[in-house]
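Peer 1:
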Amino acid sequence: MPIQNGHEIEQLSITSYELEEATRKARNSADPKVIRELQQQLRDVQEQIQDARGKAINGSGTSTEPLFNAQLRVEECQHELKRAITNLDAWEDNVSP
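Residue numbers for the sequence shown follow this note's numbering, so the first one is 410 and each next one is one higher.
1. Answer yes or no: do residue 458 and residue 479 have a C-beta to C-beta separation smaller than 7 Å?
2. Our contact map puts residue 476 next to residue 462 with C-beta atoms below 8 Å; I'd like the distance itself, whole angstroms only.
3. By the three-class DSSP mapping on this structure, what secondary structure does residue 432 have?
4. With distances taken between CB atoms, is the gap from residue 425 to residue 482 smaller than 7 Å?
5. Among 451, 456, 443, which residue has its Cα nearest to the Cα of residue 427?
Take a look at the structure:
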């Protein structure tokens with residue numbers, strides 16, 4: 410079923426910007442629980458973006474560029490949080506007796 414209007418695309422784009430901001434805050438908080446929860450949100454949104462891109466490609470005539478950009482933002486956030494968790498784990502290993 411193709412996307413009927415650009416509302417879904419717009420909403421996913423907005424959500425990706427919000428998650429980008431949340432990623433900065435989570436990374437700065439250095440709280441592994443917050444980071445892991447955000448990682449799950451990012452995975453969920455990435456699935457939604459991929460689903461929306463598939464719908465748009467299948468004939469809605471709507472540009473998929475905002476979805477592509479949203480997907481790039483989400484992927485970059487995932488990489489940042491993965492690095493943050495890796496760094497926190499390494500720090501824990503060095504601090505633990």
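The beta-carbon is built from N, C-alpha and C at its ideal position, and this holds for glycine as well.
Peer 2: If we stick to the structure as given:
1. In the sequence shown, residue 458 corresponds to position 49, counting from 1. In the sequence shown, residue 479 corresponds to position 70, counting from 1. For residue 458 and residue 479, yes; Cβs fall inside 7 Å.
2. Numbered from 1 along the sequence shown, position 67 holds the residue referred to as residue 476. Numbered from 1 along the sequence shown, position 53 holds the residue referred to as residue 462. Residue 476 to residue 462, Cβ: 5 Å. Contact.
3. As a position in the sequence shown, residue 432 is number 23, starting the count at 1. Here residue 432 sits in helix by DSSP.
4. Within the sequence shown, residue 425 is the residue found at index 16, counting from 1. Within the sequence shown, residue 482 is the residue found at index 73, counting from 1. Going by C-beta atoms, residue 425 is nearer than 7 Å to residue 482.
5. Working through the sequence shown from its first residue, we reach residue 427 at position 18. Ranking 451, 456, 443 by Cα distance to residue 427 puts 451 first.
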